[in-house]
Amino acid sequence: LKYEDAMVLRERAKHILYVSPEASSRVQTKYKNKNHSTTIVGTTPEYQITANFPVEKGAFFTESDVRYRRRVCVLGKTVVDELFGDRVDPIGKSVKIRGNNFHVLGVLKEKGASSWRNPDDQIIIPVSTAMKRVFRRDYLSSISAQTVSGEVMEPAQAEIENLLRKQHKLSANKALDFNVRNQAEFLETLEESGQTFTRLILGIAIVSLVV
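In our numbering, the protein residues as written are 664 to 874.
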């Protein structure tokens, strides 16, 4: 996936309200003598909406920051705790990411860690800065999109597939070189995982009783 793919969806998709291109990777970060390995997400301001990550303190970066590849960032709460503790205000400070100093603009609202993922353990930076200055690559990890409403989820998914098929110059008889998933599929996967875990716990309990 390329940045241009996301722009095509933003400009032409009728069922899509917001689009955020995302380039991410696990990277070591530093503030003074403290180090922390975290996920760097290069994206656009629309990420606040598509990923539901509002800023609690300070501000998010702007489209101008994306356009000019500025070295600015927004921190998740876990990163703040690891690098700054509870006595230092991170706003206005600089953190080092792969040798580049990034000016801290804001802190994301805390979500809380789950058993398998910590959404607060990330640093958000402009996607152009991530691709050119940090990761040095020309492709995205993913593209997130929010539909106009829940009722148009399936038409929106079909629209995305059609637009990206044309963008990637894939004829109708060729397999897609990308995957499109909607939130309903994620919920089904989580539900199936929960049921599997429940059966596993029940199985362990039964074995324990037999023993």
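Backbone N, C-alpha and C define an ideal beta-carbon position, used for all residues, glycine too.
Fully contained in the stretch 782 to 847 are the following alpha helix (DSSP H) runs of length 4 or more, in chain order: 816 to 830. In this structure, DSSP gives I703 an extended state, which the three-state scheme calls strand. Setting aside the 5 residues that flank it on each side, I754 is surrounded in the same chain by K720, G721, V767, L768, G769 and V770, each with a C-beta closer than 8 Å to its C-beta; the list follows chain order. Looking at the DSSP output, Y694 shares a beta bridge with K697.
With a contact defined as Cβ atoms closer than 8 Å, D668 and I806 qualify at about 6 Å. Collapsing the DSSP output to three states places K772 in coil.
R780 and R828 have their C-alpha atoms roughly 32 Å apart. Taking the CA atoms as reference points, K795 sits about 10 Å from Y802. In this structure, S687 is the residue among Q691, K697, N698 and S687 with its C-alpha nearest to the C-alpha of T707.
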